[in-house]
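Chemist: In the working numbering, the protein residues as written are 3 to 155.
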């Protein structure tokens with residue numbers, strides 16, 4: 003998680019020390035929210051994130067889901083999250099007007115469906131030729147789909 007923390011710090015200008023502190027000003031809270039959103043989307047355990055930030059897992063859960071939704075619907079937050087992910091080596095996704103990817107990745111046989119809900123949180127399903135093959139956070143599903151395509155599955 004330290005690589006996520008460093009990337010968030012570089013993009014937002016909030017120091018790593020401030021991100022780990024109890025500070026609650028707007029910039030620090032926003033940076034911490036982006037950090038939690040990325041960790042949650044990567045499938046990290048709330049307990050693990052909470053221990054890293056010295057926060058309760060319920061707090062991490064609340065912050066994470068709030069910022070996941072915010073990053074998917076607010077263009078400015080979207081760009082901040084994508085800048086952090088880019089610093090971590092992920093290819094940035096273009097802003098698509100607040101709707102999450104629901105389409106083919108490289109051809110019509112491989113695609114990702116957004117099965118997220120307000121009540122149950124983020125969930126993406128990787129589909130190959132109409133059959134579900136994996137589920138989880140967006141980047142986890144895309145990486146699984148890349149592996150499947152590479153291995154011819």
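Ideal Cβ placement from N, Cα and C applies to all residues, glycine included.
1. Would you call the segment 67-87 and the segment 44-55 touching, i.e. three or more CB-CB distances under 8 Å?
2. Label residue 114 either buried or exposed according to how many other C-beta atoms from any shown protein chain fall within 10 Å of its C-beta, with 16 as the threshold for buried.
3. Tell me whether the segment 32-39 and the segment 63-71 touch, counting them as touching only if at least three CB pairs, one residue from each stretch, are closer than 8 Å.
4. Considering only the beta carbon of each residue, do residue 42 and residue 139 sit closer than 9 Å?
5. Who are residue 128's beta bridge partners in DSSP?
6. Can you tell me whether residue 74 is buried or exposed, with buried defined as 16 or more other CB within 10 angstroms of its CB?
7. Can you tell me whether DSSP reads residue 52 as helix, strand or coil?
8. Tell me the DSSP secondary structure of residue 23 in three-state form.
9. Measure the alpha-carbon distance for residue 118 versus residue 143 and round it to whole angstroms.
10. With DSSP as the reference, label residue 66 as helix, strand or coil.
11. Suppose you measure from the CA of residue 5 to the CA of residue 141; what does that come to, to the nearest Å?
12. Between which two residues does the alpha helix (DSSP H) containing residue 119 stretch?
13. Compare the C-alpha of residue 79 against each of 59, 57, 62, 31 and name the closest.
14. Return the first residue and the last residue of the alpha helix (DSSP H) that residue 79 is part of.
15. Would you mind reading off the limits of the alpha helix (DSSP H) that contains residue 57?
Modeler: So, from the data block:
1. Counting Cβ pairs under 8 Å, fewer than three are found: no touch.
2. Sequence index remark: in the chain shown, residue 114 carries index 112 (1-based). Buried: at least 16 other Cβ atoms inside 10 Å.
3. At 8 Å Cβ cutoff, the stretches touch.
4. For the purposes of this step, residue 42 is taken as the residue at position 40 of the chain shown. For the purposes of this step, residue 139 is taken as the residue at position 137 of the chain shown. Taking 9 Å as the Cβ cut-off, residue 42 and residue 139 qualify as a contacting pair.
5. Working through the chain shown from its first residue, we reach residue 128 at position 126. 114, 136.
6. Here residue 74 refers to the residue found at position 72 of the chain shown. Around the Cβ of residue 74, a 10 Å sphere holds 16 or more other Cβ atoms; the residue is buried.
7. Counted from its first residue, the chain shown places residue 52 at position 50. Per DSSP, reduced to three states, the secondary structure at residue 52 is helical.
8. As a working note, residue 23 is residue 21 in the chain shown. Three-state DSSP puts residue 23 in coil, outside helix and strand.
9. Here residue 118 corresponds to residue number 116 of the chain shown, with the count starting at 1. Here residue 143 corresponds to residue number 141 of the chain shown, with the count starting at 1. Those two C-alpha atoms are separated by around 13 Å.
10. To locate residue 66, count along the chain shown from 1; it is residue 64. It is helical.
11. Taking the chain shown and counting its residues from 1, the one referred to as residue 5 is at position 3. Taking the chain shown and counting its residues from 1, the one referred to as residue 141 is at position 139. Each residue's Cα considered, the two are about 16 Å apart.
12. For the purposes of this step, residue 119 is identified with residue 117 of the chain shown, where counting begins at 1. Here residue 119 belongs to no alpha helix (DSSP H), and DSSP marks it neither H nor E.
13. Reading the chain shown from its first residue, position 77 is the one you call residue 79. It is 31 whose Cα lies nearest to the Cα of residue 79.
14. Residue 79 sits at position 77 when you count from the first residue of the chain shown. For residue 79, the enclosing alpha helix (DSSP H) begins and ends at 77-89.
15. The count along the chain shown starts at 1 and reaches residue 57 at position 55. Following the DSSP letters along the chain, one finds residue 57 in no alpha helix (DSSP H), marked with neither H nor E.
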